[in-house]
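Structure first, commentary second.
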Amino acid sequence: HPPSDGELLIEGKAVAFASPKDAAASGIATIFQELALSENLSIAENVFLGRELKRSIFGIPFLKRAEMRQRVDGLLQELDAHISDPDAPVGSLSGGQRQAVA
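In this text, residue positions in the sequence shown follow the numbering used here: the first is 41, and each later residue adds one.
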């Protein structure tokens, strides 16, 4: 939906998006009030769910698990989420920690 008023700025420049995919390509994400997390998956797996980092070897896709864990660890530190292990299952987290993962 287009905005009814105001403007959206990224790095000081006004932007408009034709689709949610365009917004996502600019680094904008939606965080829904209802947490859509998979409790049996790790924090890193939840963060990248549906957007997994992959590499192809002989045409076979393999997940870049170490890179995903490293990136999530950096994000958790940046958010000051008080979560030390990106491999921990989401089901073991408090409500506030789950919100940080979302």
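Cβ coordinates follow ideal geometry from the N, Cα and C atoms, glycine included.
{"Query": "Three or more C-beta pairs below 8 Å linking the segment 82–98 and the segment 126–140", "Result": "yes"}
{"Query": "With 16 other Cβ atoms within 10 Å as the buried cut-off, status of Phe88", "Result": "buried"}
{"Query": "Distance between beta carbons of Ala142 and Leu93, contact taken as under 8 Å", "Result": "At roughly 19 Å, the Cβ-Cβ gap does not stay under 8 Å, so Leu93 and Ala142 are not in contact."}
{"Query": "Boundaries of the beta strand (DSSP E) in which Leu103 is found, first to last residue", "Result": "100–103"}
{"Query": "Beta-carbon contacts of Ile50 that lie in its chain and below 7 Å, excluding the five residues immediately before and after", "Result": "Ser66"}
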